[in-house]
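In this text, residue positions in the sequence shown follow my numbering: the first is -13, and each later residue adds one. Every residue gets a Cβ at the ideal spot worked out from N, C-alpha and C, and that includes glycine. Remarks on the structure that follows.
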Amino acid sequence: GGCLAQKVFALLYTSSPSVAIGDQDIMGGDESLPYPRKYLADYPATKASAERMVLDADGWEMVSNTLEPLPEAGGVRRLRTCSLRPHLIYGPRDPHLIPRLLDAARVGRLRRVGSGHNLVDVTHVDNAAQAHVQALDELLGSARCGGKAYFIGDAEPVNLWDWIGRLLDELGLPPTRRAVPFRIAYAMGASLELLHRLFPRLGEPRMTRFLAVQFARSHYFDHSQAKEDFGYDPRLTGPDAWASLVKWCKEDGK
(Lines of atoms letter the chains of each structure in order from A and count residues from 1; the text may use other names and numbers.)
(Lines give C-alpha, C1' and ligand atoms only; values in the text may rest on other atoms or scores of the structure.)
Protein backbone atom coordinates (compact mmCIF):
# COMPACT_ATOMS: atom_id res chain seq x y z
CA GLY A 1 0.00 0.00 0.00
CA GLY A 2 2.84 2.38 0.81
CA CYS A 3 4.35 2.01 -2.66
CA LEU A 4 1.03 2.79 -4.32
CA ALA A 5 0.28 5.80 -2.14
CA GLN A 6 3.76 7.26 -2.69
CA LYS A 7 3.72 6.45 -6.41
CA VAL A 8 6.70 4.12 -6.26
CA PHE A 9 6.71 2.48 -9.68
CA ALA A 10 9.13 -0.37 -9.00
CA LEU A 11 9.87 -2.48 -5.92
CA LEU A 12 12.88 -4.80 -5.95
CA TYR A 13 13.14 -7.19 -3.01
CA THR A 14 16.38 -8.82 -1.87
CA SER A 15 15.34 -12.35 -1.01
CA SER A 16 17.39 -15.53 -0.56
CA PRO A 17 17.62 -18.96 -2.21
CA SER A 18 16.75 -20.35 1.22
CA VAL A 19 13.10 -19.67 0.37
CA ALA A 20 13.31 -22.68 -1.98
CA ILE A 21 15.60 -24.88 0.14
CA GLY A 22 14.38 -27.76 2.28
CA ASP A 23 16.80 -30.36 3.64
CA GLN A 24 17.94 -31.91 0.35
CA ASP A 25 20.62 -31.12 -2.24
CA ILE A 26 19.66 -28.72 -5.02
CA MET A 27 21.92 -28.91 -8.07
CA GLY A 28 21.16 -26.58 -10.95
CA GLY A 29 17.72 -25.70 -9.63
CA ASP A 30 15.75 -22.99 -11.39
CA GLU A 31 12.85 -20.68 -10.57
CA SER A 32 10.31 -23.48 -11.02
CA LEU A 33 11.34 -24.86 -7.62
CA PRO A 34 8.34 -24.68 -5.27
CA TYR A 35 8.33 -23.16 -1.83
CA PRO A 36 8.83 -25.95 0.74
CA ARG A 37 5.84 -26.81 2.88
CA LYS A 38 7.97 -26.45 6.01
CA TYR A 39 11.04 -24.40 6.83
CA LEU A 40 13.82 -25.26 9.25
CA ALA A 41 14.17 -21.73 10.64
CA ASP A 42 12.44 -18.38 10.89
CA TYR A 43 14.90 -16.77 8.46
CA PRO A 44 13.80 -18.63 5.30
CA ALA A 45 10.17 -18.67 6.45
CA THR A 46 10.00 -14.89 6.85
CA LYS A 47 12.00 -14.32 3.67
CA ALA A 48 9.51 -16.47 1.75
CA SER A 49 6.53 -14.68 3.30
CA ALA A 50 7.93 -11.28 2.33
CA GLU A 51 8.84 -12.46 -1.17
CA ARG A 52 5.32 -13.73 -1.80
CA MET A 53 3.83 -10.43 -0.65
CA VAL A 54 6.14 -8.47 -2.96
CA LEU A 55 5.52 -10.66 -6.01
CA ASP A 56 1.76 -10.74 -5.43
CA ALA A 57 1.75 -6.93 -5.51
CA ASP A 58 3.01 -6.81 -9.10
CA GLY A 59 0.51 -5.13 -11.39
CA TRP A 60 -1.38 -3.28 -8.67
CA GLU A 61 -2.90 -0.06 -9.96
CA MET A 62 -1.58 3.22 -8.60
CA VAL A 63 -3.88 5.09 -6.21
CA SER A 64 -3.97 8.12 -8.46
CA ASN A 65 -3.61 8.36 -12.23
CA THR A 66 -2.56 12.00 -12.18
CA LEU A 67 0.92 10.98 -13.31
CA GLU A 68 1.70 10.40 -16.96
CA PRO A 69 0.29 6.95 -17.78
CA LEU A 70 2.06 4.14 -19.57
CA PRO A 71 0.76 3.95 -23.15
CA GLU A 72 0.66 0.15 -23.16
CA ALA A 73 -1.17 0.02 -19.83
CA GLY A 74 -4.41 1.50 -21.10
CA GLY A 75 -3.90 4.78 -19.25
CA VAL A 76 -3.18 3.09 -15.92
CA ARG A 77 0.16 3.20 -14.08
CA ARG A 78 0.94 -0.03 -12.27
CA LEU A 79 3.43 -1.12 -9.64
CA ARG A 80 6.09 -3.53 -10.90
CA THR A 81 7.87 -5.85 -8.50
CA CYS A 82 10.43 -8.63 -8.59
CA SER A 83 12.67 -10.53 -6.19
CA LEU A 84 16.35 -11.47 -6.38
CA ARG A 85 17.80 -14.50 -4.58
CA PRO A 86 21.59 -14.05 -4.25
CA HIS A 87 23.27 -17.00 -2.52
CA LEU A 88 25.96 -16.47 0.16
CA ILE A 89 26.95 -12.86 -0.50
CA TYR A 90 30.60 -12.23 0.34
CA GLY A 91 33.20 -9.55 -0.21
CA PRO A 92 34.50 -6.30 1.29
CA ARG A 93 32.69 -5.07 4.42
CA ASP A 94 30.81 -8.34 4.90
CA PRO A 95 29.49 -8.14 8.50
CA HIS A 96 28.22 -11.72 8.74
CA LEU A 97 29.48 -14.72 6.75
CA ILE A 98 33.26 -14.28 6.54
CA PRO A 99 33.83 -12.71 9.99
CA ARG A 100 31.92 -15.53 11.70
CA LEU A 101 33.82 -18.23 9.82
CA LEU A 102 37.18 -16.66 10.60
CA ASP A 103 36.34 -16.05 14.26
CA ALA A 104 35.35 -19.71 14.65
CA ALA A 105 38.56 -20.84 12.93
CA ARG A 106 40.75 -18.68 15.17
CA VAL A 107 39.42 -20.27 18.37
CA GLY A 108 39.33 -23.80 16.95
CA ARG A 109 35.53 -24.09 16.82
CA LEU A 110 35.14 -24.45 13.05
CA ARG A 111 34.17 -27.99 12.05
CA ARG A 112 33.43 -29.31 8.61
CA VAL A 113 29.85 -30.54 8.40
CA GLY A 114 29.16 -33.48 6.11
CA SER A 115 31.38 -35.07 3.48
CA GLY A 116 33.03 -31.84 2.34
CA HIS A 117 32.05 -32.48 -1.29
CA ASN A 118 29.07 -30.13 -1.44
CA LEU A 119 28.97 -27.48 -4.17
CA VAL A 120 27.33 -24.13 -3.52
CA ASP A 121 26.71 -20.84 -5.25
CA VAL A 122 28.48 -17.83 -3.78
CA THR A 123 27.84 -14.23 -4.83
CA HIS A 124 30.43 -11.48 -4.67
CA VAL A 125 28.81 -8.29 -3.39
CA ASP A 126 29.72 -6.46 -6.63
CA ASN A 127 27.87 -9.07 -8.69
CA ALA A 128 24.90 -8.88 -6.34
CA ALA A 129 24.84 -5.09 -6.74
CA GLN A 130 25.11 -5.44 -10.52
CA ALA A 131 22.09 -7.76 -10.58
CA HIS A 132 20.03 -5.31 -8.54
CA VAL A 133 20.85 -2.37 -10.82
CA GLN A 134 20.06 -4.36 -13.97
CA ALA A 135 16.82 -5.80 -12.59
CA LEU A 136 15.62 -2.39 -11.43
CA ASP A 137 16.40 -0.84 -14.81
CA GLU A 138 14.33 -3.54 -16.47
CA LEU A 139 11.47 -3.10 -13.99
CA LEU A 140 11.33 0.62 -14.70
CA GLY A 141 11.28 0.06 -18.45
CA SER A 142 9.03 -2.95 -18.99
CA ALA A 143 6.88 -5.59 -17.33
CA ARG A 144 9.20 -8.47 -18.31
CA CYS A 145 10.49 -9.05 -14.76
CA GLY A 146 7.22 -8.21 -13.08
CA GLY A 147 6.07 -10.72 -10.49
CA LYS A 148 9.12 -12.96 -10.91
CA ALA A 149 11.92 -14.21 -8.66
CA TYR A 150 15.48 -14.85 -9.88
CA PHE A 151 18.41 -16.86 -8.56
CA ILE A 152 21.67 -14.88 -8.53
CA GLY A 153 25.26 -16.04 -8.05
CA ASP A 154 28.80 -15.94 -9.38
CA ALA A 155 29.47 -17.65 -12.70
CA GLU A 156 30.27 -21.08 -11.24
CA PRO A 157 29.54 -22.89 -7.97
CA VAL A 158 32.40 -23.69 -5.61
CA ASN A 159 33.21 -26.57 -3.30
CA LEU A 160 32.23 -24.90 -0.04
CA TRP A 161 34.84 -26.49 2.21
CA ASP A 162 37.66 -26.14 -0.31
CA TRP A 163 36.69 -22.48 -0.66
CA ILE A 164 36.74 -21.96 3.12
CA GLY A 165 40.00 -23.91 3.45
CA ARG A 166 41.68 -21.83 0.78
CA LEU A 167 40.67 -18.63 2.53
CA LEU A 168 42.01 -19.86 5.88
CA ASP A 169 45.29 -20.76 4.19
CA GLU A 170 45.57 -17.35 2.48
CA LEU A 171 45.12 -15.66 5.86
CA GLY A 172 47.50 -17.93 7.75
CA LEU A 173 44.77 -19.48 9.90
CA PRO A 174 44.70 -23.14 10.98
CA PRO A 175 42.86 -25.48 8.60
CA THR A 176 39.65 -27.25 9.52
CA ARG A 177 40.79 -30.74 10.51
CA ARG A 178 37.72 -32.11 12.25
CA ALA A 179 34.42 -33.11 10.70
CA VAL A 180 30.92 -33.80 11.98
CA PRO A 181 28.65 -36.15 10.00
CA PHE A 182 25.57 -34.40 8.66
CA ARG A 183 23.08 -36.52 10.60
CA ILE A 184 24.85 -35.85 13.88
CA ALA A 185 25.05 -32.11 13.17
CA TYR A 186 21.36 -32.07 12.20
CA ALA A 187 20.32 -33.91 15.38
CA MET A 188 22.57 -31.66 17.46
CA GLY A 189 20.96 -28.64 15.85
CA ALA A 190 17.47 -29.87 16.68
CA SER A 191 18.48 -30.47 20.31
CA LEU A 192 20.11 -27.07 20.66
CA GLU A 193 17.11 -25.34 19.11
CA LEU A 194 14.86 -26.92 21.74
CA LEU A 195 17.26 -26.07 24.55
CA HIS A 196 17.53 -22.45 23.50
CA ARG A 197 13.75 -22.13 23.16
CA LEU A 198 13.41 -23.36 26.74
CA PHE A 199 16.21 -21.10 27.96
CA PRO A 200 16.28 -17.97 25.76
CA ARG A 201 19.01 -16.39 27.88
CA LEU A 202 21.46 -18.83 26.31
CA GLY A 203 21.36 -16.69 23.18
CA GLU A 204 21.81 -18.03 19.66
CA PRO A 205 22.60 -21.76 19.29
CA ARG A 206 25.93 -22.56 17.66
CA MET A 207 24.32 -25.21 15.48
CA THR A 208 20.80 -25.48 14.06
CA ARG A 209 19.14 -27.78 11.55
CA PHE A 210 19.17 -24.92 9.05
CA LEU A 211 22.92 -24.36 9.48
CA ALA A 212 23.62 -28.09 9.19
CA VAL A 213 21.82 -28.16 5.83
CA GLN A 214 23.58 -25.00 4.64
CA PHE A 215 27.02 -26.39 5.51
CA ALA A 216 26.54 -29.97 4.28
CA ARG A 217 24.21 -29.94 1.27
CA SER A 218 24.85 -28.83 -2.31
CA HIS A 219 22.92 -25.70 -3.24
CA TYR A 220 23.61 -24.17 -6.63
CA PHE A 221 21.23 -22.72 -9.16
CA ASP A 222 20.61 -21.93 -12.82
CA HIS A 223 20.99 -18.18 -13.44
CA SER A 224 19.94 -18.25 -17.10
CA GLN A 225 16.53 -16.69 -16.48
CA ALA A 226 18.17 -13.61 -14.96
CA LYS A 227 20.47 -13.39 -17.97
CA GLU A 228 17.58 -13.72 -20.41
CA ASP A 229 15.24 -11.24 -18.70
CA PHE A 230 17.61 -8.46 -17.62
CA GLY A 231 21.06 -9.35 -18.95
CA TYR A 232 22.69 -10.60 -15.74
CA ASP A 233 26.19 -11.87 -16.45
CA PRO A 234 28.56 -11.59 -13.45
CA ARG A 235 31.19 -8.99 -14.29
CA LEU A 236 33.55 -9.92 -11.49
CA THR A 237 35.18 -13.23 -12.42
CA GLY A 238 36.38 -15.91 -10.00
CA PRO A 239 40.03 -14.77 -9.69
CA ASP A 240 39.11 -11.09 -9.38
CA ALA A 241 36.36 -11.79 -6.87
CA TRP A 242 38.73 -13.93 -4.82
CA ALA A 243 41.48 -11.30 -4.88
CA SER A 244 38.99 -8.68 -3.72
CA LEU A 245 37.94 -10.84 -0.77
CA VAL A 246 41.47 -11.73 0.36
CA LYS A 247 42.69 -8.12 0.04
CA TRP A 248 39.86 -6.88 2.23
CA CYS A 249 40.37 -9.61 4.84
CA LYS A 250 44.06 -8.78 5.13
CA GLU A 251 43.68 -5.01 5.15
CA ASP A 252 40.71 -4.95 7.51
CA GLY A 253 42.24 -7.41 9.93
CA LYS A 254 39.53 -10.01 9.55
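Open item on the list: Measuring alpha carbon to alpha carbon, tell me which residue in Met174, Ala135, Glu190, Gly94 is nearest lysine 21.
Closed with: Reading off the sequence shown, one finds tyrosine at residue 21, where the question assumed lysine. With distances taken between Cα atoms, tyrosine 21 lies closest to Ala135.
Task: Endpoints, alpha helix (DSSP H) assigned at phenylalanine 185 - done: It is not in any alpha helix (DSSP H) - phenylalanine 185 carries neither H nor E in the DSSP assignment.
- [ ] For the alpha helix (DSSP H) holding leucine 87, just list the boundary residues, first then last.
- [x] 83 to 92
Task: Rounded Cβ spacing between alanine 121 and leucine -2 (contact assumed at less than 8 Å) - done: 6 Å
Open item on the list: Could you tell me the alpha carbon to alpha carbon distance between leucine 249 and glycine 224, rounded to whole angstroms?
Closed with: Given that the chain is displayed from residue -13 to residue 240, the structure contains no residue 249 and the question cannot be resolved.
Open item on the list: With H, G and I counted as helix, E and B as strand and the rest as coil, what does DSSP make of phenylalanine -5?
Closed with: coil
Open item on the list: For a minimum of 3 consecutive residues, which ranges assigned as the beta strand (DSSP E) are wholly contained in the region 130 to 214?
Closed with: 134 to 138, 205 to 207
Open item on the list: Quick test of your reading: glycine 139 and proline 72, contact by CB under 8 Å. State the CB separation rounded to the nearest angstrom.
Closed with: Yes, glycine 139 and proline 72 are in contact; Cβ-Cβ is about 7 Å, under 8 Å.
Open item on the list: I'd like to confirm the pairing. Which residues does DSSP put opposite cysteine 68 in its beta bridges?
Closed with: Leu(-2), Lys134
Open item on the list: Quick check on arginine 187: buried or exposed, where buried means 16 or more other Cβ atoms within 10 Å of its Cβ?
Closed with: exposed
- [ ] Sort Val93, Val106, Leu41, Glu214 by Cα distance to glutamate 124 and report the nearest one.
- [x] Glu214
TODO: Mind reading off the beta-carbon distance from proline 30 to phenylalanine 207? Whole number of angstroms is fine, and I expect it under 8 Å.
DONE: Between phenylalanine 207 and proline 30 the Cβ distance is about 15 Å, and since that is not below 8 Å, they are no contact.
TODO: Measure the alpha-carbon distance for valine 111 versus glycine 77 and round it to whole angstroms.
DONE: Approximately 6 Å, taken between the alpha carbons.
Open item on the list: Pop quiz: glycine 175 and threonine 194 are said to be a contact at Cβ under 8 Å. What is the actual Cβ separation, rounded to whole angstroms?
Closed with: 4 Å
TODO: Taking 8 Å as the threshold, find out whether the region 154 to 161 comes into contact with the region 28 to 42 through three or more Cβ pairs.
DONE: no
Task: Whole-number beta carbon distance between leucine 65 and aspartate 44, since they are thought to touch under 8 Å - done: 7 Å
Task: Nearest candidate by alpha-carbon position, reference alanine 171, set Gly(-13), Ala114, Val199 - done: Val199
Open item on the list: What residue range does the beta strand (DSSP E) around glycine 15 cover?
Closed with: 12 to 15
- [ ] Mind checking which residues open and close the alpha helix (DSSP H) that includes alanine 29?
- [x] Note that residue 29 corresponds to tyrosine in the displayed sequence, not to alanine. Counting along the chain, the alpha helix (DSSP H) containing tyrosine 29 begins and ends at 28 to 42.
Task: Simplified DSSP state of histidine 110, which is helix, strand or coil - done: Strand at histidine 110.
Open item on the list: Going by DSSP in three states, leucine 125 sits in which element: helix, strand or coil?
Closed with: helix
Open item on the list: Using 7 Å as the threshold, is the C-beta distance between phenylalanine 196 and valine 99 below it?
Closed with: no
Task: CB contact flag (asparagine 104, leucine 222, <7 Å) - done: no
Open item on the list: Give me the DSSP bridge partner(s) of glutamate 47.
Closed with: Bridge pairing for glutamate 47: Arg64 [DSSP].
Task: Buried or exposed (CB count within 10 angstroms, at least 16 for buried), lysine 233 - done: exposed
- [ ] Could you tell me the boundaries of the alpha helix (DSSP H) in which aspartate 9 lies?
- [x] Unbroken run through aspartate 9: none, as it is neither H nor E.
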